[in-house]
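Enquirer: My questions all concern the structure below.
Residue numbers (this note's numbering), protein chains in the order written: chain A, 46 to 212; chain B, -8 to 190.
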């Protein structure tokens, strides 16, 4: 009997006679439960084991398309917004300086403005000078041309007079 | 102290060297080794699960799951760390699976049909002769087994369905063998008392 063998197997003990019959019945119960296994049990188990031990199919993982993370998109949007705001502020006509005692910041702005105006005035003067020079130069050229043409005419007249007079 | 036990000569070791070789071959993926291993243990694992769950399909499913776990462990990187203790290891996996399934069933429990217990006890249309036959006795035994505590029942099932030795059960349950023998004996006495009360 399996049960007896198991007792023997360990340390040689056997259950008492009162429990021996129950032991045999339990052995029979176990035997019946083992025998109730379906015919395809072992095949099913081997199939499952085969699937578990089969090497995993090699899969080539395609790299996921790289997308800007949300935070980068927000950063780009914020940068564009800042740039647009700065350009709008810069393109706005400057407001007149407040009257009264200007502060140190305003003083600097006023002096810078005065410098810029001086430079622009100098540039205008230079431009006027160049224009005057050019005008005078043109005028001189015209006078020169008039004079030359007059002398030519006189010369011709003189010669004709001489010829006519000679005739 | 364990009463009414008599001395018998010890039996040779329960795990022959050939089993170690068989497991080693199975770990390498040897098909014949797996056929042998499954042939040796599948029905014992099935019987353990069936006794507790009373459901052949579920028991078959658990048997497959247990062997898949064994195959994964033997084949995997972690390897088989239970050298020389394959059977306790195999049945510990089985026991855990059965316990998990019992817990799941308890969570989704539905009332058991009265005819189920009647069938177990052999009290429906069976004649008195049948009740006295071994089939009737086995039926009553099943019913009595249901009334044992889970721990006692595990010992009985590991012993009689799983066919493990007391030494192996002691290893599996991490208990001294003497304690285990006493508990087995107590479980048998309790079963006998329950049968007597029922009759």
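Here a beta-carbon is modelled for each residue, glycine too, at the ideal position from N, C-alpha and C.
List, in order along the chain, the chain B residues whose C-beta lies closer than 9 Å to that of residue 84(A)?
Expert: Counting from one through the first chain, the residue named residue 84(A) turns up at place 39. By Cβ distance, chain B contributes nothing, its closest Cβ being about 11 Å from residue 84(A), past 9 Å.
Enquirer: Could you check the C-alpha separation between residue 134(A) and residue 125(A) for me, to the nearest Å?
Expert: Position 89 of the first chain, counted from the start, is the residue given in the question as residue 134(A). Position 80 of the first chain, counted from the start, is the residue given in the question as residue 125(A). Going from the Cα of residue 134(A) to the Cα of residue 125(A) covers about 14 Å.
Enquirer: Identify every run of the alpha helix (DSSP H) within the segment 26 to 102 of chain B, keeping only runs that are complete inside it and at least 4 residues long; order them along the chain.
Expert: Whole alpha helix (DSSP H) segments, 4+ residues: 47 to 66 and 77 to 98.
Enquirer: Can you pull the chain A neighbours of residue 30(B), defined as C-beta to C-beta under 7 Å?
Expert: Numbered from 1 along the second chain, position 39 holds the residue referred to as residue 30(B). Result: 87.
Enquirer: Could you spell out where the alpha helix (DSSP H) holding residue 158(B) opens and where it closes?
Expert: Working through the second chain from its first residue, we reach residue 158(B) at position 167. Per DSSP, residue 158(B) belongs to the alpha helix (DSSP H) from 157 to 164.
Enquirer: Would DSSP call residue 23(B) helix, strand or coil?
Expert: Within the second chain, the letter at position 32 stands for residue 23(B). Three-state result, residue 23(B): helix.
Enquirer: Report all residues from its chain with a CB closer than 7 Å to the CB of residue 51(B); omit the five preceding and five following residues, and keep chain order.
Expert: In the second chain, the residue the question calls residue 51(B) occupies position 60. Answer for residue 51(B): 37, listed in chain order.
Enquirer: Rounding to the nearest angstrom, what Cα-Cα distance links residue 169(A) and residue 184(A) in this structure?
Expert: Taking the first residue of the first chain as 1, we reach residue 169(A) at position 124. Taking the first residue of the first chain as 1, we reach residue 184(A) at position 139. Taking the straight line joining both Cα atoms gives about 22 Å.
Enquirer: Given this structure, state the Cα-to-Cα distance separating residue 236(B) from residue 189(B), to the nearest angstrom.
Expert: A question about residue 236(B) goes unanswered here, because the residues of chain B that appear run from -8 up to 190.
Enquirer: Would you say the segment 144 to 160 of chain B touches the segment 84 to 103 of chain A, given that touching needs at least three Cβ pairs under 8 Å?
Expert: no
Enquirer: Less than 8 Å between CB atoms is the rule here; does residue 229(A) satisfy it with respect to chain B?
Expert: No answer is possible for residue 229(A): the residues shown for chain A start at 46 and end at 212.
Enquirer: Does residue 139(B) come out as helix, strand or coil in the three-state DSSP assignment?
Expert: Here the question's residue 139(B) lines up with position 148 in the second chain. Looking at residue 139(B) - three-state DSSP - the assignment turns out to be coil, as it is neither helix nor strand.
Enquirer: Here's a check: name, in chain order, each residue in its chain whose Cβ is nearer than 6 Å to the Cβ of residue 175(B), leaving out the five neighbours to either side.
Expert: Translated into the one-based positions of the second chain, residue 175(B) becomes position 184. Cβ within range, chain order: 146.
Enquirer: Between the alpha carbons of residue 125(B) and residue 84(A), how many angstroms are there, rounded?
Expert: As a working mapping, residue 125(B) is identified with position 134 in the second chain. As a working mapping, residue 84(A) is identified with position 39 in the first chain. Cα-Cα distance, rounded: 24 Å.
Enquirer: Put residue 137(A) into one of helix, strand or coil per three-state DSSP.
Expert: Within the first chain, residue 137(A) is the residue found at index 92, counting from 1. Residue 137(A): coil per DSSP, three-state reduction.
Enquirer: Does any CB atom of chain B fall closer than 8 Å to the CB of residue 130(A)?
Expert: Along the first chain, read from residue 1 onward, the residue named residue 130(A) stands at position 85. No - not a single Cβ of chain B is within 8 Å of the one on residue 130(A).
Enquirer: Can you name the start and end residues of the alpha helix (DSSP H) that residue 84(A) belongs to?
Expert: On the first chain, residue 84(A) is found 39 positions in, with the first residue counted as 1. Unbroken run through residue 84(A): none, as it is neither H nor E.
Enquirer: What number of angstroms, rounded off, separates the C-alpha of residue 86(A) from the C-alpha of residue 80(A)?
Expert: What you label residue 86(A) is simply residue 41 of the first chain in a count that begins at 1. What you label residue 80(A) is simply residue 35 of the first chain in a count that begins at 1. So the alpha carbons of these two residues sit roughly 11 Å apart.
Enquirer: For residue 71(A), does the count of other Cβ atoms within 10 angstroms reach 16, so buried, or fall short, so exposed?
Expert: Residue mapping note: residue 71(A) aligns to position 26 of the first chain, counting from 1. By the beta-carbon neighbour count (other beta carbons within 10 angstroms, threshold 16), residue 71(A) is buried.
Enquirer: Going by the beta-carbon positions, is the gap between residue 154(B) and residue 41(B) smaller than 8 Å?
Expert: Taking the second chain and counting its residues from 1, one reaches residue 154(B) at position 163. Taking the second chain and counting its residues from 1, one reaches residue 41(B) at position 50. No, the pair does not count as a contact, with Cβ atoms beyond the cut-off.
Enquirer: Which class does residue 95(A) belong to by DSSP, given the choice of helix, strand or coil?
Expert: In the first chain, residue 95(A) corresponds to position 50, counting from 1. The answer is helix: DSSP assigns residue 95(A) an H, G or I state.
Enquirer: Suppose you measure from the CA of residue 44(B) to the CA of residue 53(B); what does that come to, to the nearest Å?
Expert: Sequence index remark: in the second chain, residue 44(B) carries index 53 (1-based). Sequence index remark: in the second chain, residue 53(B) carries index 62 (1-based). Going from the Cα of residue 44(B) to the Cα of residue 53(B) covers about 10 Å.
Enquirer: Could you tell me the alpha carbon to alpha carbon distance between residue 129(A) and residue 123(A), rounded to whole angstroms?
Expert: What you label residue 129(A) is simply residue 84 of the first chain in a count that begins at 1. What you label residue 123(A) is simply residue 78 of the first chain in a count that begins at 1. The alpha-carbon atoms of residue 129(A) and residue 123(A) are separated by roughly 10 Å.
Enquirer: Residues of chain A with a CB under 8 Å from the CB of residue 19(B): which are they?
Expert: Locating residue 19(B) in the second chain gives position 28, counting from the first residue. Under the 8 Å cutoff, chain A gives no residues; its nearest Cβ is about 10 Å from residue 19(B).
Enquirer: Measuring only the C-alpha atoms, how far is residue 153(A) from residue 161(A)?
Expert: Against the first chain, residue 153(A) aligns to sequence position 108. Against the first chain, residue 161(A) aligns to sequence position 116. Residue 153(A) and residue 161(A): Cα-Cα distance of roughly 12 Å.
Enquirer: Leaving aside the five residues before and after residue 152(B) along the sequence, list all residues of the same chain whose C-beta is less than 6 Å from its C-beta, in chain order.
Expert: Start at 1 with the first residue of the second chain, and residue 152(B) comes out as number 161. Around residue 152(B): 38, 39 and 42.
Enquirer: Taking 8 Å as the CB-CB limit, is residue 64(A) close to chain B?
Expert: By one-based count along the first chain, residue 64(A) stands at place 19. By this cut-off, residue 64(A) is an interface position.
Enquirer: Would you say residue 34(B) lies against chain A (beta-carbon separation less than 8 Å)?
Expert: On the second chain, position 43 is the one that residue 34(B) refers to. Chain A contact via Cβ: present.
Enquirer: Is the beta carbon of residue 64(A) closer than 8 Å to that of residue 185(B)?
Expert: On the second chain, residue 185(B) is found 194 positions in, with the first residue counted as 1. On the first chain, residue 64(A) is found 19 positions in, with the first residue counted as 1. Result no, Cβ atoms of residue 185(B) and residue 64(A) do not sit closer than 8 Å.
Enquirer: Quick one: what's got a C-beta closer than 6 Å to residue 176(A)'s C-beta in the same chain, skipping five residues either side?
Expert: The count along the first chain starts at 1 and reaches residue 176(A) at position 131. Nothing meets the Cβ criterion.
Enquirer: Which value, in whole angstroms, describes the spacing of the CA atoms of residue 117(A) and residue 127(A)?
Expert: Mapped onto the first chain, residue 117(A) falls at position 72. Mapped onto the first chain, residue 127(A) falls at position 82. When the Cα atoms are used, residue 117(A) and residue 127(A) turn out to be separated by approximately 15 Å.
Enquirer: Between the segment 91 to 102 of chain A and chain B, which residues of the former have CB atoms less than 7 Å from a CB of the latter, in chain order?
Expert: Within the segment 91 to 102 of chain A, those residues whose Cβ lies closer than 7 Å to any Cβ of chain B are, in chain order, 91, 93, 94, 97 and 98.
Enquirer: Taking 8 Å as the threshold (beta carbon to beta carbon), is residue 59(B) in contact with chain A?
Expert: Residue mapping note: residue 59(B) aligns to position 68 of the second chain, counting from 1. Residue 59(B) counts as touching chain A.
Enquirer: Could you list which residues in chain A have their beta carbon closer than 9 Å to that of residue 80(B), in chain order?
Expert: In the second chain, the residue the question calls residue 80(B) occupies position 89. The premise fails here: residue 80(B) is roughly 16 Å from chain A at the closest Cβ pair, so nothing lies under 9 Å.
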